[in-house]
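Those protein sequence lines, which keep their order, are chains A and B.
If you're matching positions, the first sequence starts at 1 in our numbering and goes up one per residue.
If you're matching positions, the second sequence starts at 1 in our numbering and goes up one per residue.
Every residue, glycine too, gets a C-beta built ideally from N, C-alpha and C.
Just so we're clear, the structure is a prediction, and the values are computed from it rather than from any experiment.
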Amino acid sequence: MPNIVVLVKRVPDTNARIVINGDRVDLSAVKWVISPYDEFAIETALQHKESAGGTVTAVTLGPSDSDKILKDAKAIGVDDIVRVWDDSWGELDSNAIQSALANAISELGAEVVYCGKTAADTGAGSTGPGVAERLGWASVSNIIDAEFSGGITVHAPTDKGTEVISVSGNAVISCDKGSVKVRKPNVKGIMMAKKAQVNLMSVSAPASTIQVVSQSSPPAKPEGKMFNGGSSAEEVAKLLRDEANVI
Amino acid sequence: MSESIVIAETNNGQVSPITGELVSAAISLGTTPMVVIPCTDSSIADGTGFEGVSKVMAVKGGCFANYDAASWAEAIDAAAPNGTIIGAATPQSKDLVARIAARRNISVVQDVVAINGNNLTSPIYSGKAMQTVAVNGDVAISVRANIFASAGQASSEVSVIDQSGDVATAVKDVIARASSRLDVSEANIIISGGRGMGSPDNFSHLEKIADVLGAAVGASRAAVDTWDDIPHSMQVGQTGKTVNPNLYIAVGISGAIQHLAGMRSSKYIVAINKDADAPIFAHADYGIVSTWEEALPVLESALSAMMA
Chain A
1 MPNIVVLVKR VPDTNARIVI NGDRVDLSAV KWVISPYDEF AIETALQHKE
51 SAGGTVTAVT LGPSDSDKIL KDAKAIGVDD IVRVWDDSWG ELDSNAIQSA
101 LANAISELGA EVVYCGKTAA DTGAGSTGPG VAERLGWASV SNIIDAEFSG
151 GITVHAPTDK GTEVISVSGN AVISCDKGSV KVRKPNVKGI MMAKKAQVNL
201 MSVSAPASTI QVVSQSSPPA KPEGKMFNGG SSAEEVAKLL RDEANVI
Chain B
1 MSESIVIAET NNGQVSPITG ELVSAAISLG TTPMVVIPCT DSSIADGTGF
51 EGVSKVMAVK GGCFANYDAA SWAEAIDAAA PNGTIIGAAT PQSKDLVARI
101 AARRNISVVQ DVVAINGNNL TSPIYSGKAM QTVAVNGDVA ISVRANIFAS
151 AGQASSEVSV IDQSGDVATA VKDVIARASS RLDVSEANII ISGGRGMGSP
201 DNFSHLEKIA DVLGAAVGAS RAAVDTWDDI PHSMQVGQTG KTVNPNLYIA
251 VGISGAIQHL AGMRSSKYIV AINKDADAPI FAHADYGIVS TWEEALPVLE
301 SALSAMMA
């Protein structure tokens, strides 16, 4: 019966306004949530467990303010919740984060890991494949569907169409929004989550070699040209050719 | 100058033009790039060459028949084990550079849109902010399209190396796309519709213009969520696809943060909306306050006349 891990991350609500204060984003006023794609990962992990048995452990990396999203994951239905952190850590780069998570996953004895295709804050999508490589596992990214009869079969869109991929052995699978409906926590789940214990895990991570220099607002666009009425579309078509040179 | 490795993008047995942009990005980093072409048939490298590259290397192996992250990273890393790695910010190449970075225990910076010495800038929070990081030593990066001018074509030394890796996944089947249309993630021009289109049938008016321009048709989340006939694969936005085409035409789309997050970095944005106060107009280079029923036929005939 598979030992399943799902990676989750605390991010600002995707509808939040991102404010810049000095040369850093100021997140003091945002609402925090589980990164949206991680919800698809939790759902896929739970479906895997329902089909094959085993356990689902939600793992996050961060200080104690990440406990809330672990409890949210518990309310949705995961069995155990684990937070990886060391109080000596500051800003970690991708190399440090992936190493720490891979160490934690090894220690937990997991055989399959689900995660979101990207986190809503960085949008990078590096964690899934990076963790897989460190574990020496297979990885499939951006899946939109999964089946669990006789191993794991996933659907992943490519430029040729949707590939149906069978995964043998241990793997990290990153989840896109697909056909799955994400379940919501029920009252029993919420009550259980309140009492749930976050297991703290301390692992080693290498020093970071990438430092954040600054964060800023995106460059403002020059004011556009406004036109009234549908007939102005002809003028706009000419501007696209003669001024913008894009057609 | 230190060496770097540019991983060529390929499509239908050809090296894609964005590869020249990656060469420029590598040179901006102060490195001399070698272009690596993953392939099953090394003839793809014939005639491929760019100004400023040390050489072009076709890495030929059975594993490159289908994308499998583990074997691709293994084979490319074995063929080109040193230097900063530069790939395109496509879903596949972002995945690949992350894997190669992890293999070498180096860090990865995705979606780079500016390079200034050792400082790399990428959008964060879906483009609601930008972040600049300083890198020390080798890194792996992915570079967004349409940012760097392509390096000029030149004749380069071409070598071929046989190198495969252990394939960890098996493609059992490929379900062909329901639509033969260009996908939004591949298009230089995108025309998208929102709930303002009134019904999914009216997307045919967008398709007509897409046919004239060779564009892809996209949709807002509101449209995808409202109408079953508009698939999620068409969705542009935070929970859909992030695009940065040369031209993005938004029709009947109000411009929710969700949608802006996926398209605001487009080079030129045209907005057509009947509501003059729609937030999309603040991001448009050209805004037309009009119903789509009035504007699209005019746009279609004007574009048809130009492209004829």
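{"Asked": "Is the stretch 199–206 of chain A touching the stretch 85–99 of chain A, taking contact as three or more C-beta pairs under 8 Å?", "Found": "yes"}
{"Asked": "DSSP three-state call for Trp85 (chain A): helix, strand or coil?", "Found": "coil"}
{"Asked": "Could you please give the first and the last residue of the uninterrupted alpha helix (DSSP H) stretch that includes Glu50 (chain A)?", "Found": "36–52"}
{"Asked": "So the alpha helix (DSSP H) Gln92 (chain B) belongs to, where does it begin and stop?", "Found": "91–103"}
{"Asked": "According to the Cβ coordinates, are Ile4 (chain A) and His48 (chain A) closer than 8 Å?", "Found": "yes"}
{"Asked": "Please report the distance separating the alpha-carbon of Gly194 (chain B) from that of Ile190 (chain A).", "Found": "36 Å"}
{"Asked": "According to DSSP, simplified to helix, strand and coil, what is Asn188 (chain B)?", "Found": "coil"}
{"Asked": "Where does Ala233 (chain A) fall in DSSP's three states?", "Found": "helix"}
{"Asked": "Whole angstroms are fine: how far does the CA of Thr239 (chain B) sit from the CA of Ala305 (chain B)?", "Found": "36 Å"}
{"Asked": "Can you give me the Cβ contacts of Ser214 (chain A) inside the same chain, cut-off strictly under 6 Å, excluding the 5 residues immediately before and after it?", "Found": "Asp23"}
{"Asked": "Return the Cβ separation of Met234 (chain B) and Gly218 (chain B) in integer angstroms, given the expectation that the two are a contact with Cβ distance under 8 Å.", "Found": "5 Å"}
{"Asked": "For the stretch 228–239 of chain A, which residues have a CB atom closer than 9 Å to at least one CB atom of chain B, in sequence order?", "Found": "Asn228, Gly229, Gly230, Ser231, Ser232, Ala233, Glu234, Glu235, Val236, Ala237, Lys238, Leu239"}
{"Asked": "Starting from the Cα of Gly117 (chain B), find the closest Cα among B:Val158, B:Pro33, B:Ile27 and give me that residue.", "Found": "B:Ile27"}
{"Asked": "Let me know if Asp166 (chain B) comes out buried or exposed under the rule of 16 or more other beta-carbons within 10 Å of its beta-carbon.", "Found": "exposed"}
{"Asked": "Less than 8 Å between CB atoms is the rule here; does Met234 (chain B) satisfy it with respect to chain C?", "Found": "Judged by its chain identifiers, the structure shown contains no chain C, and its protein chains are A and B."}
{"Asked": "Could you work out which residues of chain B lie near Ile20 (chain A), taking near to mean beta carbons separated by less than 8 Å?", "Found": "Ala129"}
{"Asked": "Does the Cβ-Cβ distance between Gly125 (chain A) and Ser99 (chain A) come in under 8 Å?", "Found": "no"}
{"Asked": "How close, in whole Å, do the beta carbons of Gly230 (chain A) and Ala295 (chain B) come, if the pair is a contact with beta carbons under 8 Å?", "Found": "4 Å"}
{"Asked": "Using a Cβ-Cβ cut-off of 6 Å (strictly less than) and excluding sequence neighbours within five positions of Ile230 (chain B), which residues of its own chain qualify?", "Found": "Pro200, Ala219, Ala223, Val224"}
{"Asked": "Is it a yes or a no for the stretch 65–74 of chain B touching the stretch 49–57 of chain B, going by three-plus beta-carbon pairs under 8 Å?", "Found": "no"}
{"Asked": "Report the start-end ranges of each alpha helix (DSSP H) in the stretch 124–150 of chain A that is 4 residues or longer and not cut off at the edges.", "Found": "127–135"}
{"Asked": "From Asp38 (chain A) to Val6 (chain A), what does the alpha carbon distance come to, in whole angstroms?", "Found": "8 Å"}
{"Asked": "With a cut-off of 8 Å, does the C-beta of Thr55 (chain A) fall near any C-beta of chain B?", "Found": "no"}
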